[in-house]
Amino acid sequence: MRTRKVEIFAFILPGLIFLVLFSLYPTLFTWYTSFRDYSVFSNSFNGLRNYIDLFKDNVFYISLKNTLFYVVFAVSFEFVIGMAIALLFNQSFKGKSIALIFFMLPMIIPPVVSALSFLMMYDPTLGLMNYVLKTLFHISGATWLTDPKTAIWAVVSIDIWQWTPFVTLVLLAGLQYLPKETMEAARIDGANSIQIFFFITLKLMRKIIMIALLFRTVEAFKAFESIFITTKGGPGYNTRTLNIFAYLKGFEFMKFGEAATLAIVMLFVSSLLITVLRKFFSKEEIK
Amino acid sequence: MKRIALLLILTVCGTLFVSALAWGGEYFYGKFFATKDDLLNSFKQANINWRQFEGESITFIGNSEPNQESIMKLVPIFEELTGIKVTQELVNEENLRNKITVDLTGKTGVYDAMLIDPGYLALYDKSKSLEDLSVYINDTTITDPNWYQWPSDFPEQFIKMGQINNIQYGVPLHLSGTLMMYRKDLYQEKGIPGPAKTFDELWDHASKLNKPDDYYGIAMRGMAGAGLNMFIWTTFLKSFGGKWWDENWKPMLDSPEVIESAKFYSDILKNYGPPGVSSWEWSKILSGLQSEKVAITIDTPAFAISIEDPKLSKTAGKWGYAPQPAGKAGITMDPFAWYVGINKDSKHKKAAWLFITWMTSKEVQMAIGGPTIYVSRLSVNSDPRWREDYPWLEGWQTALMENVKYADPDCRPRIPEYPEIGNTVGVALQEVISGQKNAEDAMKEVNKKVYEILEKAGYYK
């Protein structure tokens, strides 16, 4: 029995070391740092000062609002479009497998590259967007990334373009494993396609939808390249998310303590978002 | 099996081919040194014993820009000359700042000599992590004053920028900053006699040269950042008579002069600049100049080599260069140069100093391409022999040397808190350019924020 325990321990040891070194230690150190005045010249305990300063800073609330805006709109558009396309690919048609490959392409492009391409396309004078609008529709277009009204939508669109295929992929996998018998039974009972979709498909897919949404929420919360490369958080504070704010605090202002505080707050916000999502989906289950 | 063998052969051949390409290039010693020995022997003119630290080894960190890379290709010559082994590391700017800040303030002494951004000197001064170079300059066993010609061969303002509290921490490696560039051909076409000497004239010229279907009157950096829009706008701030703060560090960004400068900067861009200019940084401006989209700009003189190269630019040969316009408080140039300094925690300080004198020597600066690659020595910059190959160089040099006279090292204040202050004010300026706020509100608001940053850093104790 004893050797068995040793054996088990030996097997989990590499994983344990990895977790402690690269996950547990940095997290605890971030907690520790967040209570300190930690910059290039100082490293002293200052209690809750960082937290109080952060909650008094209006830039924090602007960043929080932008982050939530980004997450909510990116993920919901990705879900709706992704679901529609997944339903399409669930049918059989000629050239489906090739079409599927092409549709998945955005997902395998590095986010830095896609952000740089969008930066070029959004350019008001030389970019593709305004060129197409002008030549095809005779609309004069916009300064997408620098107009305070359009900037955040412009960066959210990059996320939607890049990650809708991911949602589709997950949902398509779910759709293909749905029991055919239930659908047929409903059809015999006289339900039409719309009813089947809303009352059966969506219900049965609950778990898989939750997985897709959880993945995307966490990823969208972390989004950095699509914003940093195209707008650096501008114009003004219009696209500054918590991520960009933390980057600036840590790597440009060299205020590591304040950056750690922000990171901890971000941890709470993202956990809250995920809890809400999970609650929402488990409630459905009880019904 | 056959297929795998073929694939293997192809891979090996490909790798060999690529490495052959990489090895093929001979070192370039410029038009003034025919062979490697010519260059090597020219250092013997210096009346010092180059081999006094033979066998030591030093580590240098720099950034991967053309000037640096060219110098680093010549390092084998330094090693042959002195017997000192040099380990070099070239990284990008962001990385460089982070690495040396960590090394210098953490006192780890990894790098003996390093490239320093003068904006961070105050920070390193505060942490006491750099050597006072005057000790080395005055030591005749390691510096031959007649050969090195410090300080007479370096521009005065750039020497000053390498100092904090009169301690010399760095030797300028090149000289750059801000300069006005304008399309001579368009000026002639419109009958404008010459470059703008005042801001009213600048406004007038930009308005005359603005033909949005073909090109825009003026473009300057709009993207928010301590080294982006702040690099250019701060020269306006100073020229308009504005100040960052008074003697007691009380911010003065809400003063009428500063508000006026912000208003002028954003109005001229809004009226006669390209759409979306509020997110333009240097690369956008450069491509605007190259593609005939922009008639006037105030930006780094380093653009010249790229806009005057017919292979890269449609506008080669069409550019005029001039000192910046003067405001109420005269002309202001925002100088920039990379500096080389010595780590206080280095164990090979004197060897590191030999390396610094070597890399900032006239010989190296001549070998790497002189003014075409941005060097700091006055004698190299004004050497007329460069002008034979580069016809634009004369006008560019004259304007730059004139503008350098008005260089203000504290245009962007050299205090440790500047990165945060610069970023915050940069965002406010961008809000004005993109039309979200007017100049007065934005500056008044940001003035409070700057006060808070300074207060937190303990300036009002």
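Residue numbers (my numbering), protein chains in the order written: chain D, 92 to 378; chain U, 4 to 464. Just so it is clear, CB atoms sit at the ideal spot from N, CA and C, and this is done for glycine as well. Quick caveat, the model's predicted, so the values are computed rather than measured.
| query | result |
| --- | --- |
| Of the choices Val166/D, Ala245/D, Thr237/D, Tyr222/D, whose alpha-carbon is the least far from that of Ser205/D? | Ala245/D |
| For Ile288/U and Ser282/U, I'd like the C-alpha separation in whole angstroms. | 10 Å |
| Short check: CB of Phe339/U to CB of Val89/U, under 8 Å? | no |
| Taking all protein chains shown into account, do 16 or more other C-beta atoms lie within 10 angstroms of the C-beta of His351/U, making it buried, or fewer, making it exposed? | buried |
| Can you tell me where the alpha helix (DSSP H) with Arg127/D in it begins and where it stops? | Premise fails: Arg127/D lies in the beta strand (DSSP E), 127–129, not in any alpha helix (DSSP H). |
| Give the list of continuous alpha helix (DSSP H) stretches no shorter than 4 residues that lie fully inside the region 228–301 of chain D. | 242–267, 271–279, 284–287 |
| Identify every run of the beta strand (DSSP E) within the region 325–354 of chain U, keeping only runs that are complete inside it and at least 3 residues long; order them along the chain. | 342–345 |
| According to a CB-to-CB cut-off of less than 7 Å, which residues of the region 114–138 of chain U neighbour chain D? | Leu126, Lys129, Ser130 |
| Select from the region 216–233 of chain U all residues with a C-beta closer than 9 Å to any C-beta belonging to chain D, and list them in chain order. | Tyr219, Gly225, Met226, Ala227, Gly228, Ala229, Leu231 |
| Kindly indicate if chain D contains any beta-carbon less than 8 Å away from that of Ser269/U. | no |
| Given a cut-off of 8 Å, decide if Thr321/D and Leu210/D are closer than it, judged by their beta-carbon atoms. | yes |
| Just to confirm before moving on: does the CB-CB distance between Ser437/U and Pro215/D stay below 8 Å? | no |
| Does any residue of chain U have a CB that is nearer than 8 Å to the CB of Glu343/D? | yes |
| Taking Cβ-Cβ distances shorter than 7 Å, what residues in chain U pair up with Pro215/D? | Pro278, Gly279 |
| When you compare each of Lys317/U, Ala410/U, Tyr268/U, Leu124/U to Tyr172/U by their alpha carbons, which one comes out closest? | Leu124/U |
| State the DSSP-derived secondary structure class of Trp399/U, mapped to helix, strand or coil. | helix |
| To which residues of the same chain is Ser210/U closer than 8 Å at the C-beta, ignoring the five residues directly before and after it? | Gly220, Asn274, Tyr275 |
| To be precise: take each residue of the region 121–142 of chain D, compare its Cβ to all Cβ atoms of chain U, and keep it if any distance is under 7 Å. Which residues remain? | Val131, Phe132 |
| According to DSSP, simplified to helix, strand and coil, what is Ser135/D? | strand |
| Name the chain U residues whose beta carbon is nearer than 8 Å to that of Pro202/D? | None at all; the shortest Cβ gap to chain U is about 18 Å. |
| Report the residues of the region 316–347 of chain D with a CB closer than 9 Å to any CB of chain B, ordered along the chain. | Among the protein chains of the structure shown, namely D and U, there is no chain B. |
| With Ser132/U and Lys110/U assumed to form a contact (beta carbons below 8 Å), what rounded beta-carbon distance in angstroms separates them? | 7 Å |
| Name the chain U residues that come within less than 8 Å of Leu219/D, Cβ to Cβ? | Going along chain U, no residue has its Cβ under 8 Å from Leu219/D, so there is no contact; the nearest lies around 14 Å. |
| Whole alpha helix (DSSP H) runs in the region 44–125 of chain U with 4 or more residues, listed along the chain? | 69–76, 78–85, 96–109 |
| Please work out which residues of its chain come closer than 7 Å, Cβ to Cβ, to Met233/U, disregarding the five sequence neighbours upstream and downstream, and give them in chain order. | Arg415, Gly425, Val428, Gly429 |
| Just the Cα atoms here: how many angstroms apart are Met404/U and Val383/U? | 13 Å |
| Output needed for Lys452/U: all residues of its chain with C-beta closer than 6 Å, excluding positions within five of it in sequence on either side, in chain order. | Thr427 |
| Taking Cβ positions only, does Lys273/U come closer than 8 Å to chain D? | no |
| For the putative contact between Gln225/U and Leu272/U, defined by C-beta atoms under 8 Å, what is the C-beta separation to the nearest angstrom? | The amino acid occupying residue 225/U in the given sequence is Gly; Gln does not appear at that position. Yes, they are in contact, since the Cβ atoms of Gly225/U and Leu272/U sit about 6 Å apart, within 8 Å. |
| Roughly how many angstroms separate the alpha carbons of Asp147/U and Thr234/D, rounded to a whole number? | 58 Å |
| Do you know whose CA, among Glu343/D, Ile287/D, Leu364/D, Ala276/D, lies nearest Met301/D's CA? | Leu364/D |
| Please report the straight-line C-alpha distance between Thr360/U and Val94/U, rounded to a whole angstrom. | 22 Å |
| Can you tell me where the alpha helix (DSSP H) holding Asp156/U begins and where it ends? | Unbroken run through Asp156/U: none, as it is neither H nor E. |
| How far does the alpha helix (DSSP H) with Met174/D in it reach, from first residue to last? | 149–181 |
| Tell me which same chain residues have a C-beta within less than 7 Å of the C-beta of Glu72/U, skipping the five on either side of it? | Leu93 |
| With a threshold of 7 Å on Cβ separation, who are the neighbours of Leu207/D within its own chain once the five nearest residues in sequence on each side are excluded? | Ile320 |
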